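Enquirer: Handing you this structure, nothing more for now.
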Amino acid sequence: MDKVANESDVNTRWQEMIDAEKIMMDDLCYIPVFEKGTATLQNKDVKGLVIRPVGVPYTFQYVSK
Numbered sequence: 010m011d012k013v014a015n016e017s018d019v020n021t022r023w024q025e026m027i028d029a030e031k032i033m034m035d036d037l038c039y040i041p042v043f044e045k046g047t048a049t050l051q052n053k054d055v056k057g058l059v060i061r062p063v064g065v066p067y068t069f070q071y072v073s074k
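FYI, the numbering for the sequence shown is 10 to 74, going by the working numbering.
Okay, here's the thing in structure tokens:
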């Protein structure tokens with residue numbers, strides 16, 4: 010980008026911007042801008058239900074009534 014800022018020739022500056030964009034697209038990383046929401050209702054008599062925010066959402070192994 011320093012080359013672009015200091016270049017006076019329009020065509021050369023344009024080519025430098027294209028080259029910089031190619032480099033940025035090759036090094037691009039994706040950042041998620043949303044999260045999935047989940048609502049859960051549970052009967053008061055049900056005990057031991059494990060609810061996780063990541064991975065397998067529910068573990069029923071410890072559930073009892």
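Even glycine gets a Cβ: it sits at the ideal position worked out from N, Cα and C. Only a predicted model underlies this, so the values are computations on that prediction, with no experimental measurement involved.
Where does the unbroken alpha helix (DSSP H) through V13 begin, and where does it stop?
Expert: Looking at the DSSP string, the run of the alpha helix (DSSP H) that includes V13 is 11-15.
Enquirer: State the DSSP-derived secondary structure class of V63, mapped to helix, strand or coil.
Expert: Coil at V63, not helix or strand.
Enquirer: State the Cα-Cα distance for the pair L58 and V13, rounded to the nearest angstrom.
Expert: Taking the straight line from one Cα to the other gives about 59 Å.
Enquirer: T49 and I40 - do their beta-carbons sit closer together than 7 Å?
Expert: Not closer than 7 Å, so no.
Enquirer: To the nearest angstrom, how far is the alpha carbon of V55 from that of V63?
Expert: Using only the alpha carbons, I get a separation of about 22 Å.
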